[in-house]
Amino acid sequence: MKVTVLQENLARGLSIVSRAVSPRSTLPVLANILLATDDGRLRLSATNLELGITCWIGAKIEEEGSTTVPSRTLSDLVGTMPDPQVSLTLNAQTQTLNVRSGSSTNDIKGIDAQEFPPLPVPDFADAIQINVADFKEMIQQVAFAASTDEARPVLMGVLVQVEKDVVTMAAADGFRLSVRKATLSSAVPQTISAIIPARALNELARIASDGEPSIQMVLPKGRGQVVFHVKDVELVSQLIDGTFPDYQQIIPRSYKSRTLIATASLLKACRQAEIFAREGSNVVRLNIKNSGELQPGEVEISAHSEETGSNETLVEATVEGIPLLIAFNVKYLREVLEVIKTPNVAVETSAANAPGVVRPVGDDDFLHVIMPMHLG
Amino acid sequence: MSIHLLAPEVASQIAAGEVVERPASVVKELVENALDAGAKTISVTIQEAGRRLIEVADDGRGIPAGELPLAVERHATSKLASAADLFHISTLGFRGEALASIGSVSRMTLVSRTNDSVTGAKIRVEAGRANPVEAVGAPVGTQIRVEDLFHNVPARLKFLKQDLTERRAVDGLLARYALAYPQVRFRLTDGATSTFQTSGDGDRRAILAALYGVEVGKQMLEVLAEEDGLRLTGFISPAALTRSNRKEITFFINGRWVSDTPLTQALLQAYHTLLMVGRFPLAALFLEIDPEEVDVNVHPAKAEVRFRSQDRIFSFVSRSTRRALLAYSPIPALPPTQNLWGGGQLSVGSEQSSGNSGQWSENSDQWSVEGGQLPVESGQLPVNGAPTQTAAFNLPLLRLIGQVGTTYLIAEGPDGLYLIDQHAAHERVLFEKLMLQHAQKNIAAQALLAPLVVTLPPQSASVLSGQLAALSRFGFAVTEFGPNTFQIRAMPVLFGNADPAAALRALVEDFEEDETPLQNELEAKIAGRVCKRLAVKAGQTLSPAEQRALLIDLENCDSPRTCPHGRPTMIHLSVDMLERQFGRKGAR
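Residue numbers (this note's numbering), protein chains in the order written: chain E, 1 to 376; chain L, 1001 to 1588.
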């Protein structure tokens, strides 16, 4: 293999794929990045067997070939190269990759490309096309609610469902649920339902830049995998086996109290309350006071810590229904407010021990359910 | 090969395998017989670690000449008449197997004389075959000579360890029995030399010294506790004195040495947060309990027992030992033989500040450990971390001298010098402060999005059913959902994102082991937070005011001597030791 690439392209490609490298593995080749000539371009791939990322960069190919080299070594090296041109030459006998740029020349010991796990080459002919900006926002609004507890793998994923021209994402960690819908530009003939690891979606959101028109999604039959393609990057992830809880049942059908409140004010109050709440059990109390004929309603947001003290913020609100005192995990409340883009949110609940529903006002595509806390 | 009944010799050799596996087990069976016979003096003689000869002589009741042939038969005993007797056994033996078993694998001679008979009688058993009884002259009591042990079982012989190891097993065994029966005189003779002897005057501490050595024996803490029908006596090691294994943990239950017992776990529980990981205490504890409450007929060598109400006994042992430990927990001190400027090894075999440590002796006796004995009290005391009534045993007043290496504080106390690890000390201070704050507050509950159904094993389920009402106090909302099945609707925030089912199991375990529920989780969480985020680190310069504040806070702690992870917070250099190091006093 003998290729010449632009330092800038190589550095960018490495930074994209290296997120899938498994730095501590008993399989040494998983710590490596695959470099292979592919139809006039250089293909970079990395995988930890759950997630795989491939990126193609433009290259001047003098001799075809492939090898794998340690990700860290190559990335660090390329990052420091001053010359715009980098030439990569493989000594196939010794599997040593010569990396030359300007006056600097380096030999990196590699592992035969044959040992690198093959990544699927799917057919994108009937791929689902999703708008990049929509998809990134969906991921941002849903993936954070997935669990990090490996005891329940299903909850570490995001349920992605496609039916006709509606795509829905849902994630839950046992205490909260985030659901977001979006409309596709064209209807899809088949129905799709898959649990995709939240980590893979977060990586995808990071890779996909807003400038691209669409993301293509394919679920090759019987492989238990999902493949995303955006411009010159492909991301493949194992799906999570199992049954996602029926979240429709969890979403309350009615409420007895509905509070309309400015998103920014409530978020600020939560951030302040968290300073005190984080020392203890993360409890924030919302004392929702009814709006009367003449005076407006308000919500008193408070937190209390034995160690540091207490905090109280009053935020004006429009309250319909009964007044209520309810407690939430402040982290959960803050995290959902941070991903809501509308100026106002609605908090709907029925009792101190009933779930709270947070909805952006004027956007029916998103909703978030948080279970309350109670104190002994 | 056709099926046939085994010859009696073969059958008894097989049975012997369960009871007699090494010389020490022969000694154990014979000593237990002697104790059952009411002996006041027991002398044991061994040669070549017991391979050549084991002789146990006692001055007990003896066996009438007419009963001797029966005594060496299998399933022959005077200690049991009917199966019903099995449930209130007060003798050590009862299976009627020991003599027959020993006789089948050795050449055994039994000489015995009862008080009312003029002559003694002798019977000889060789490899399981008994010879006729002869009349001989003998003192009152029984002498049993076991020669050429395992001469007819080469396999067993091959598996014996080195002489030294086998002898140490005999030594340890006899010392432990001596400790359990301080009113009986024990003597162990190896060849011609007498290696171990007790006076039989009931002084256990002297025997302790014979078992563990003088230094260690002096440091052991006495445990004495009584509570409706249970009585626990004995000795446990202070937190600074540890071993790397559990071999030195000895339990006697109603005078019987039991090696495999859940009580070991109860004892380790008492040392929770006081010991480093992988270190174990030394202990010789004697539990007295109504014989009906305990089943000893579990294991042929009676090494295992079962309790009728295990939880109660577990908690009793744990509480009693914890109390003794907290009250007398000493500070690790450098042994006087160690060069101060040499390696800073914090040895475990350390000496406690002794009563004669110069001019401060009057003040120091309140927390000196020697002969320390706790008053018997049967009140309830919190088991872990919670405030205890041990203020009198806390640190003495310390005068700050300064900081060394931006890591240690030096202070002077009434009896010498204290080196204090600032990080460990601050950890302890913060840990106790936060634990106190958390103790006053209810545990917050986080409701679950969807109720989770868990099935528990039957006995855990019954424990949990009994506690359902109390669960909300610990942040759980749990209802019964069928046989052994429960529905979790809320769980404590303490567990973070963990699986609710795992959290519930942790709680049930706490209930089963009779611990303060969720105390471990809380302690671990607080200890972790204190260590990572709050406590001053080594290498941090402290102003004199900060140093003084830390010392005062530490003095007010309930257990100031260890950090929450069990490492020592301080090292003590006694006046006495300093004097020896400087050659002002002869090194003894």
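For each residue, glycine too, the CB sits at the ideal point set by N, CA and C.
This structure is a prediction, so every number in the text was calculated from the model and none was measured.
For residue j and residue i, the rounded distance between their alpha carbons
i, j, result
"L/G1200", "L/A1178", "8 angstroms"
"L/T1233", "L/A1039", "22 angstroms"
"L/N1484", "E/P70", "53 angstroms"
"E/E115", "E/N32", "10 angstroms"
"L/E1579", "L/V1317", "40 angstroms"
"E/R180", "E/F135", "10 angstroms"
"L/L1070", "L/D1036", "18 angstroms"
"E/N287", "L/D1311", "45 angstroms"
"E/K164", "E/R100", "52 angstroms"
"L/G1566", "L/A1549", "22 angstroms"
"E/G280", "E/E306", "8 angstroms"
"E/T26", "E/V227", "26 angstroms"
"L/R1279", "L/R1246", "9 angstroms"
"E/R278", "E/A317", "25 angstroms"
"E/L294", "E/E300", "19 angstroms"
"L/T1273", "L/A1527", "10 angstroms"
"L/S1002", "L/V1010", "17 angstroms"
"E/E320", "E/T259", "6 angstroms"
"E/A170", "E/R72", "35 angstroms"
Closer than 9 angstroms at the beta carbon, the chain L residues around residue i
i, result
"E/T148", "N1497"
"E/I250", "L1449 and A1450"
Boundaries (first-last residue) of the beta strand (DSSP E) holding residue i
i, result
"L/T1045", "T1041 to Q1047"
"L/D1576", "Not the beta strand (DSSP E): L/D1576 falls in the alpha helix (DSSP H), residues V1575 to Q1581."
"L/D1190", "R1185 to D1190"
"E/P70", "S66 to P70"
"L/I1054", "L1053 to D1058"
"L/Y1408", "Y1408 to G1413"
"E/C55", "L51 to G58"
"L/I1249", "I1249 to I1253"
C-beta contact flag for residue i and residue j at 7 angstroms
i, j, result
"E/T342", "E/P360", "yes"
"L/G1062", "L/S1112", "yes"
"E/P323", "E/K289", "yes"
"L/D1163", "L/A1049", "yes"
"L/I1054", "L/L1110", "no"
"L/Q1255", "L/A1180", "A small fix is needed here, since residue 1255 of chain L is Gly in this sequence, not Gln. Their beta carbons are under 7 angstroms apart, which means L/G1255 touches L/A1180 by this criterion."
"E/T67", "E/L90", "yes"
"E/I61", "E/G13", "no"
"L/R1187", "L/E1147", "no"
"E/Y247", "E/L177", "yes"
"L/S1244", "L/L1282", "no"
"E/L34", "E/A151", "no"
Nearest neighbour of residue i, chosen from the options [CA to CA]
i, options, result
"E/E274", "E/K231, E/E306, E/N329 and E/P323", "E/N329"
"L/L1534", "L/L1274, L/R1124, L/K1433 and L/V1072", "L/K1433"
"L/G1496", "L/A1470, L/Q1487, L/D1510 and L/K1525", "L/K1525"
"E/A92", "E/S101, E/L74, E/E64 and E/M81", "E/E64"
"L/E1126", "L/H1423, L/E1134 and L/V1105", "L/V1105"
"L/R942", "L/G1405, L/T1407, L/T1406 and L/L1419", "It is not possible to answer for residue 942 of chain L, since the shown part of chain L is limited to 1001 through 1588."
"E/S29", "E/S15, E/A205 and E/S45", "A small fix is needed here, since residue 29 of chain E is Val in this sequence, not Ser. When only C-alpha atoms are compared, the closest one is E/S45."
"L/T1541", "L/A1327, L/G1475, L/D1421 and L/I1571", "L/D1421"
"L/Q1219", "L/A1225, L/S1465, L/E1227 and L/L1208", "L/L1208"
"L/A1135", "L/R1129, L/G1128, L/S1117 and L/L1149", "L/S1117"
"E/P18", "E/D39, E/N9, E/I53 and E/R43", "In the sequence under discussion, the amino acid at residue 18 of chain E is Ser, which differs from the Pro named in the question. For the residues E/D39, E/N9, E/I53 and E/R43, the minimum Cα distance to E/S18 belongs to E/I53."
Cross-chain neighbours of residue i in chain E, by beta carbon under 9 angstroms
i, result
"L/P1451", "Under the 9 angstroms cutoff, chain E gives no residues; its nearest Cβ is about 10 angstroms from L/P1451."
"L/P1564", "The contacting residues do not exist; L/P1564 stays about 17 angstroms from chain E at best."
"L/P1500", "G174"
Start-to-end residues for the alpha helix (DSSP H) that takes in residue i
i, result
"E/I207", "A198 to I207"
"L/T1273", "Looking at the DSSP string, L/T1273 is not in any alpha helix (DSSP H), and its letter there is neither H nor E."
"L/Y1177", "D1163 to A1180"
Interface residues of chain E facing residue i [CB-CB closer than 8 angstroms]
i, result
"L/V1493", "S281, N282, V283, N329 and M373"
"L/L1448", "G174, F175 and M371"
Closer than 7 angstroms at the beta carbon, the chain E residues around residue i
i, result
"L/A1545", "By Cβ distance, chain E contributes nothing, its closest Cβ being about 22 angstroms from L/A1545, past 7 angstroms."
8 angstroms Cβ cut-off: residues of chain L touching residue i
i, result
"E/N311", "Neighbours of E/N311 on chain L: none; closest Cβ ~17 angstroms, over 8 angstroms."
"E/N353", "A1447"
Check: residue i C-beta below 6 angstroms from any heavy atom of the ligand HEM
i, result
"E/V315", "In the structure on display, the ligand HEM does not appear, and there are no ligands present to speak of."
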